[in-house]
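**Q**
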Amino acid sequence: MYAEKKPDKIDLHEQRLSKWLNCSLSNEPLKPPCVIDRLGNMFNKETLVEALIGKKLPKEFGYIKGLKDMINIQLEVVPSEGLGNARFQCPVSGLEFNGKYKFFFFKELWDMF
260 MYAEKKPDKI DLHEQRLSKW LNCSLSNEPL KPPCVIDRLG NMFNKETLVE
310 ALIGKKLPKE FGYIKGLKDM INIQLEVVPS EGLGNARFQC PVSGLEFNGK
360 YKFFFFKELW DMF
């Protein structure tokens, strides 16, 4: 008699935005110091170290054996936001990490573009 309620769809914009604002491991907001893996997943360094020491890393991140597999990054906070509501931007172009633009990390330059 009544139609079943369909599960809510995942908002792709929110999913992309989450990747640039939250730690891939804990889903907490990113805060310096941060690290990135070769697949583009960003982590709070402290959270990742705790997971590595406690051997509590999920299977999806099984390729991470230690900090040598990670690259330290310096994220530039958007000036109007401050660290309390940290949103980051590219240090070269000034574009905000909001899921709309693609960014690249060059290990040799140690910057995010």
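Every position in the sequence shown, counted from 1, becomes a number in my numbering once 259 is added.
Note that beta-carbon positions come from the ideal geometry of N, C-alpha and C, so glycine has one too.
A quick note: this is a predicted structure, and the numbers were derived from the prediction, not measured.
Are the CB atoms of S283 and S300 within a distance shorter than 7 Å?
**A** According to the sequence displayed, residue 300 carries Asn and not Ser. Yes, these two residues count as a Cβ contact at 7 Å.
**Q** Out of curiosity, what's the CA-to-CA distance linking L298 and P350?
**A** Distance between the alpha carbons of L298 and P350 is about 20 Å.
**Q** In whole angstroms, give me the CA-to-CA distance for V294 and S339.
**A** C-alpha separation (whole angstroms): 23 Å.
**Q** Within its chain, find whatever has a CB closer than 7 Å to the CB of A310; leave out the 5 residues flanking it on each side and keep chain order.
**A** Result list for A310: L284 and L316, in chain order.
**Q** For V308, which option in K327, K318 and E319 has the closest C-alpha, if you only look at C-alpha atoms?
**A** Ranking the options by Cα distance to V308, first place goes to K327.
**Q** Taking the Cβ atom as the reference point for each residue, do E373 and V337 lie within a distance shorter than 7 Å?
**A** The first residue shown for the chain is 260 and the last is 372, placing residue 373 beyond what the model contains.
**Q** Can you name, in chain order, every residue of its own chain whose Cβ lies under 7 Å from the Cβ of N357, other than the five neighbours on each side?
**A** These residues qualify, in order along the chain: L276 and W279.
**Q** Under three-state DSSP, which class holds E309?
**A** Three-state DSSP puts E309 in a helix.
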